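Working notes for the structure below.
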Amino acid sequence: MADTETLDDLVRRVDPDRWLATRFIADPAARADVIALYGLNYELARVAGGVSNALMGEIRLTWWREAMEEIAAGKPPRKHPNVEALASSGFDPNALAVLAEARFVDLDEAPLKDEAAVLAYIDGTAGALAVLAARRLDPAADPHAVKGAARAWGLSGLWRLKSAGRSRLPEDWTQADVKQRVEAQLKAARSEVRGLPVAAFPAVAPAALARAYVSGREMGELEKKLRLTLAVATGRL
Numbered sequence: 001m002a003d004t005e006t007l008d009d010l011v012r013r014v015d016p017d018r019w020l021a022t023r024f025i026a027d028p029a030a031r032a033d034v035i036a037l038y039g040l041n042y043e044l045a046r047v048a049g050g051v052s053n054a055l056m057g058e059i060r061l062t063w064w065r066e067a068m069e070e071i072a073a074g075k076p077p078r079k080h081p082n083v084e085a086l087a088s089s090g091f092d093p094n095a096l097a098v099l100a101e102a103r104f105v106d107l108d109e110a111p112l113k114d115e116a117a118v119l120a121y122i123d124g125t126a127g128a129l130a131v132l133a134a135r136r137l138d139p140a141a142d143p144h145a146v147k148g149a150a151r152a153w154g155l156s157g158l159w160r161l162k163s164a165g166r167s168r169l170p171e172d173w174t175q176a177d178v179k180q181r182v183e184a185q186l187k188a189a190r191s192e193v194r195g196l197p198v199a200a201f202p203a204v205a206p207a208a209l210a211r212a213y214v215s216g217r218e219m220g221e222l223e224k225k226l227r228l229t230l231a232v233a234t235g236r237l
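Residue 54 in full-length UniProt numbering sits at position 54 of the sequence shown; the count goes up by one each step and never skips.
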C-alpha cells in the first residue's frame, strides 16, 4: 500500500468487484467499515502467495490475528492503517481474529480433498466475510441468508485461481463440476436472500458475477456495474 493510497483506493485496486458493491452502501460510516474489512481480507488472502515457506506465512497470519486480539483486549491498535481502521470500526475484533485463523489453511499447497472441505474453507473465508459485512450493514441480518451467495462467489473465485494455475479445488473437478455447484448455490441463494434486509444486500451482491466468472468470461467494468445494479435494485442474484 503506497503512502498516499487510502484503504478505499487499495480495495478498489485489489478487490474491484467487492469495491463496486460497496458503492451501494448509503451510510458513509458503514461503507468505510466494510472497506476496512475487505482490506483485511486482502491482507490475509495474499499471505500464502507472498511467502517462500509456510513458516513465514504462519508468522504473518499470526501478526494479523494477534493485532485483532489486542484490539479485543482493549490495547492500542498497531500502527497500520488497516488495523487502525478496524479498531475504530463496528466489527467484533474477535471475529476478525477468526478470519485470520481461517487463512492458515492457505499455507497447505495441497488441493482441498473433497466438496465438504471446499465448502468448509469457503464458509470460513468468503462466508464469514459476507456475514460480517451484512451484519455491519444491518445488525438484523440473518447469517444463513448469505450462505448460498457466499458459496457461489467463493467457488467462482477458486475456479479463477485454478485457471491461473493456483488451484485449491479437488484435482478431479472440471469446469462443468464447478459450474454445477455454483448454479446449485445460486439457486439456494435466491430463496435465502429474500430474508436479507435491503441495507445488507451489498454484502452478497458480488455473487451476481459468479456465473460469468465460472464460465471463463471476463467482464468489463460497465457490465459488472449493470449486473450489480440490477441485483441490488431487485434483491435477486
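Idealized CB from N, CA, C, for every residue including glycine. No experiment lies behind these values; they were computed from the predicted model shown.
With 16 as the cutoff for other CB atoms within 10 Å, does residue i come out buried or exposed?
i: A205; result: buried
i: G165; result: exposed
i: V182; result: buried
i: K187; result: exposed
i: T125; result: buried
i: S215; result: exposed
i: L20; result: buried
i: V178; result: buried
i: R22; result: Checking the sequence shown, residue 22 turns out to be Thr, not Arg. When all chains shown are included, T22 counts as buried.
Would you kindly report the start and end of the unbroken alpha helix (DSSP H) that includes residue i?
i: S163; result: 147-163
i: V182; result: 175-192
i: P93; result: 93-102
i: P28; result: 28-45
i: K225; result: 221-234
i: R211; result: 210-214
i: I122; result: 115-122
CA-CA distance, residue i and residue j?
i: L137; j: S156; result: 24 Å
i: A184; j: S191; result: 12 Å
i: residue 253; j: D114; result: Residue 253 is absent from the model: the chain starts at 1 and stops at 237.
i: R103; j: W64; result: 11 Å
i: L161; j: S167; result: 5 Å
i: A74; j: A212; result: Correcting the residue identity first, residue 74 is Gly in this sequence and not Ala. If you take the alpha carbons of G74 and A212, they lie about 44 Å apart.
i: R194; j: S52; result: 44 Å
i: L226; j: A36; result: 25 Å
i: R78; j: G148; result: 35 Å
i: W159; j: A97; result: 26 Å
i: A95; j: M219; result: 33 Å
i: T62; j: V105; result: 13 Å
i: A150; j: P76; result: 32 Å
i: G127; j: G154; result: 8 Å
i: A72; j: R217; result: 42 Å
i: R236; j: L55; result: 43 Å
For residue i, which three-state DSSP category applies?
i: D142; result: coil
i: N53; result: coil
i: D15; result: coil
i: A90; result: The sequence given here places Gly at residue 90; Ala does not occur at that position. Coil.
i: L132; result: helix
i: E58; result: helix
i: L10; result: helix
i: P202; result: helix
i: P81; result: helix
i: I25; result: coil
i: A110; result: coil
i: L196; result: coil
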